[in-house]
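A.B. asks: Quick one: the structure is below, and I'll ask about it shortly.
There are 2 protein chains.
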Amino acid sequence: MRDTTPQGTYKVQALDRAFAVLDLLGESDTPLGLAQVASSLQLHKSTAHRFLMVLERHRMVERTPNGKFRLGLRLFDFGNRAIEQYDLRDRAQPHLRRLVTETEETAHLCILEAARVIYLDKIEPARSVRMITRIGASNPVHCTSVGKAILAFLPPERAAEVVRRIRFERLTHRTIATPEALRAEMEKTRRRGYAVDDEELEEGLRCIAVPLLDAQRLPVAAVSISGPSFRVTAQKLPSIANQLLQCVRGISVDMGYVSSSRANRAATAAWTA
Amino acid sequence: MRDTTPQGTYKVQALDRAFAVLDLLGESDTPLGLAQVASSLQLHKSTAHRFLMVLERHRMVERTPNGKFRLGLRLFDFGNRAIEQYDLRDRAQPHLRRLVTETEETAHLCILEAARVIYLDKIEPARSVRMITRIGASNPVHCTSVGKAILAFLPPERAAEVVRRIRFERLTHRTIATPEALRAEMEKTRRRGYAVDDEELEEGLRCIAVPLLDAQRLPVAAVSISGPSFRVTAQKLPSIANQLLQCVRGISVDMGYVSSSRANRAATAAWTA
DNA sequence: CAAGGAATCTCATATCTTGAGAATCTTGAT
DNA sequence: ATCAAGATTCTCAAGATATGAGATTCCTTG
């Protein structure tokens, strides 16, 4: 049996399998029957069944009236405990909300994990095509404005470390495809103070992001505005960037990273060491 | 080694243990070291270590800079996938938000699972003492307004089944403590159309809830308003109940449970097959 | 710089998971 | 109704897999 195990030396077969089951159910947008689970994962009916029963007992999985399996609400519980540590999310929300009202476009709050950015929160404007992103999901750093915003303001060594981990997959024809190109882009980002993703993640989607710096002036997250390229035009970028900076400044104050009074030092200048 | 396994026949030791680890980390509000995890769970250092490494590989746990363990963001991802199925949450949110603006008190959206209610969403008013509830968490049916609201409108057999499962623990001196008392309370709830929790869950906290009925007029969720007893006074209950009904009506329409025009035809007749 | 505490790692052993297959339950077609 | 096809649940013997004692290494702190 081939295992889906990512690289890593420690192994507990049962766990890898269980998570494979959860993964599968998480990917599928419709509940799956035992047989489907078993065959998709190359598990024996019997084995898959046992796993599902145990997962169900833990409420990690639940059954629809017709007996199919889907993710259970225990995961929702765990998920909420997991972000609770990041009280960033709660504190940032009001600011994001205001930002969305102003810009009429979707706002995201993201953090960096390994070489991917994770969406901690998303606020959508009242009337707008729903974006496909799901809170909790992740994207590669190099093709998102948030990723670039964080990366650009990370200390050189840590940034290099992240870049090393990137697998430069091409998602659109504009996706940055080499470490060199990415480094150049980061330079540009630092100069203007905000990062742009110009249809590099998805055709027709343009995003702009600024980093949220903590008390040590290290980026802990990024806030972005995303929208269809025809609405988020190149001309509007500077003004949106401004609104983003304002928003981030508010969050910084709320988080206690900066005192509200002297909250105005340009983030750009601060980075020297 | 004693296992924490709930009742249930199927067993996979490794899974039960892994979830015990997650549970432990979820309960603790500070990250835990390997030794703490091992001793709390009566696992061998070595075993606990292996589990943590595997969980970390799957990003179910992550390590703080000083090497302690806490819940990982993968859980956040899974959690969000898990509620995605309940698009109820998204649809209800705007209505809840309006409700909160009107009442200036905290609103909850809950569903029933087994004999507990699970908090799908919580909206807090701008200025208010933060409530202790965590989205995703759960409480026993019998001591919450939401629980009683759903229970009261469930078909008799299903309600009975739920009641059978309740372990009548006393959380305050007012907590309903017997099936009979609960049945009486349900009768009362049906008569007036809304459920009340008068400091039965927590001293000083009063809540009021109404059920959200689907197209078959079966309760699928409940919406509540909670606040300190001195603000959510007995006199205000009817007027809050009214606002709740309004809110729930809006959600029903959004969910397509009722047509907005003739929102009041009893769909009772529809249930035959 | 040493000592104590914590985290990692190794490996032989037996425990726990595995999966073949039989039994049972559903579903849909006739 | 009745049957067949498909899906799910259950049992149990075999052996692969997780286990944990303990040795080793890595930090921390005095």
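Read top to bottom, the protein sequences are chains G and X. Just so it is clear: in the first sequence, position 146 is 1482 by our numbering, and no numbers are missing. Just so it is clear: in the second sequence, position 172 is 1508 by our numbering, and no numbers are missing. The beta carbon of each residue, even a glycine, is placed where N, CA and C say it ideally should be.
8 Å is my cut-off, CB to CB: does R1406/G come that close to chain X?
C.D. replies: yes
A.B. asks: Out of E1536/G, S1588/G and V1532/G, point me to the one whose CA is closest to E1572/G's CA.
C.D. replies: In the sequence under discussion, the amino acid at residue 1572/G is Lys, which differs from the Glu named in the question. The shortest Cα separation from K1572/G among E1536/G, S1588/G and V1532/G belongs to V1532/G.
A.B. asks: Report buried or exposed for I1544/X, applying the criterion of at least 16 other Cβ atoms within 10 angstroms of its Cβ.
C.D. replies: buried
A.B. asks: Tell me whether P1430/X counts as near the ligand ZN, meaning its Cβ is closer than 7 Å to at least one heavy atom of that ligand.
C.D. replies: As presented, the structure is devoid of all ligands, the ligand ZN included, so that no description of it is given.
A.B. asks: Quickly, what does DSSP pair H1478/G with across the bridge? List them, please.
C.D. replies: In the DSSP output, where bridge partners are listed per residue, H1478/G has none listed.
A.B. asks: With which residues is C1543/G paired in a DSSP beta bridge?
C.D. replies: D1533/G and S1562/G
A.B. asks: List, in chain order, every chain G residue whose beta-carbon is nearer than 7 Å to that of D1550/X.
C.D. replies: Neighbours of D1550/X on chain G: none; closest Cβ ~13 Å, over 7 Å.
A.B. asks: Pair every Cβ in the region 1584–1594 of chain G with every Cβ in the region 1468–1477 of chain G, then say whether three or more of these pairs are closer than 8 Å.
C.D. replies: Touching, no.
A.B. asks: Going straight from the alpha carbon of A1558/G to that of H1444/G, what length do you get?
C.D. replies: 8 Å
A.B. asks: Which word fits A1354/X, buried or exposed, when buried means at least 16 other C-beta atoms lie within 10 angstroms of its C-beta?
C.D. replies: A1354/X is buried by the Cβ-count criterion.
A.B. asks: In whole angstroms, what is the alpha-carbon distance linking G1403/X and G1369/X?
C.D. replies: The alpha-carbon atoms of G1403/X and G1369/X are separated by roughly 7 Å.
A.B. asks: Taking contact to mean 3 or more Cβ pairs, one atom from each stretch, closer than 8 Å, check whether the region 1427–1434 of chain X and the region 1452–1472 of chain X are in contact.
C.D. replies: yes
A.B. asks: Residues of chain X with a CB under 9 Å from the CB of A1475/G: which are they?
C.D. replies: The sequence as given places Asn at residue 1475/G; Ala does not occur at that position. Within chain X, no residue comes near N1475/G; the closest Cβ sits about 12 Å away, beyond 9 Å.
A.B. asks: Measure the beta-carbon distance from Y1346/X to V1390/G and round it to whole angstroms, keeping in mind my assumption that it falls under 8 Å.
C.D. replies: With a Cβ gap of about 5 Å, Y1346/X and V1390/G count as contacting.
A.B. asks: Go through its chain and collect everything with a Cβ distance to A1384/X's Cβ below 8 Å, but skip five positions before and after it.
C.D. replies: V1357, L1370, V1373, A1374 and L1377
A.B. asks: Can you tell me where the alpha helix (DSSP H) with T1442/X in it begins and where it stops?
C.D. replies: Run containing T1442/X: none in the alpha helix (DSSP H); it sits in the beta strand (DSSP E), T1442 to E1449.
A.B. asks: Is the separation between the beta-carbon of P1491/X and that of R1452/X shorter than 8 Å?
C.D. replies: no
A.B. asks: DSSP puts D1457/X in a beta bridge; with which residues?
C.D. replies: Residue pairing from DSSP places D1457/X in a beta bridge opposite L1445/X.
A.B. asks: Determine which residues share a DSSP beta bridge with Y1452/G and list them.
C.D. replies: Rather than Tyr, the amino acid found at residue 1452/G in this sequence is Arg. R1452/G pairs with E1449/G and P1476/G.
A.B. asks: Could you give the residue range of the alpha helix (DSSP H) that holds L1435/G?
C.D. replies: Where L1435/G is concerned, the enclosing alpha helix (DSSP H) stretches over L1424 to T1439.
A.B. asks: Measure the Cβ-Cβ separation of E1536/G and R1501/G and say whether it is below 8 Å.
C.D. replies: no
A.B. asks: Compile a chain-ordered list of the residues in the region 1516–1549 of chain X whose CB is closer than 8 Å to at least one CB of chain G.
C.D. replies: none
A.B. asks: Please confirm whether Q1421/X has its beta-carbon closer than 8 Å to some beta-carbon of chain G.
C.D. replies: Closer than 8 Å to some Cβ of chain G, the Cβ of Q1421/X qualifies, so yes.
A.B. asks: G1644/G: buried (16+ other C-beta within 10 angstroms of its C-beta) or exposed?
C.D. replies: This structure cannot speak to residue 1644/G, because chain G is shown only from 1337 to 1609.
A.B. asks: At 3 residues or longer, and completely inside the region 1339–1412 of chain X: list those beta strand (DSSP E) runs for me, N to C.
C.D. replies: 1397–1399 and 1405–1407
A.B. asks: Report yes or no: is there a C-beta of chain G within less than 8 Å of the C-beta of K1347/X?
C.D. replies: Interface with chain G (8 Å Cβ-Cβ cutoff): K1347/X is included.
A.B. asks: Per DSSP, which one or two residues make a beta bridge with A1495/G?
C.D. replies: DSSP output for A1495/G lists no bridge partner at all.
A.B. asks: Please work out which residues of its chain come closer than 8 Å, Cβ to Cβ, to N1600/G, disregarding the five sequence neighbours upstream and downstream, and give them in chain order.
C.D. replies: For N1600/G, the predicted model reports a pLDDT of 48, less than 50, meaning its position is unreliable and no value from the coordinates is stated.
A.B. asks: By the 7 Å beta-carbon criterion, what residues does the region 1445–1468 of chain G contribute toward chain X?
C.D. replies: E1449 and I1454
A.B. asks: Along the chain, where does the alpha helix (DSSP H) containing E1521/G start, and where does it finish?
C.D. replies: P1515 to R1528
A.B. asks: I'd like to know whether the C-beta atoms of A1485/G and T1442/G end up nearer to each other than 8 Å.
C.D. replies: no
A.B. asks: Looking only at DSSP bridge pairs, what is L1549/X linked to?
C.D. replies: P1555/X
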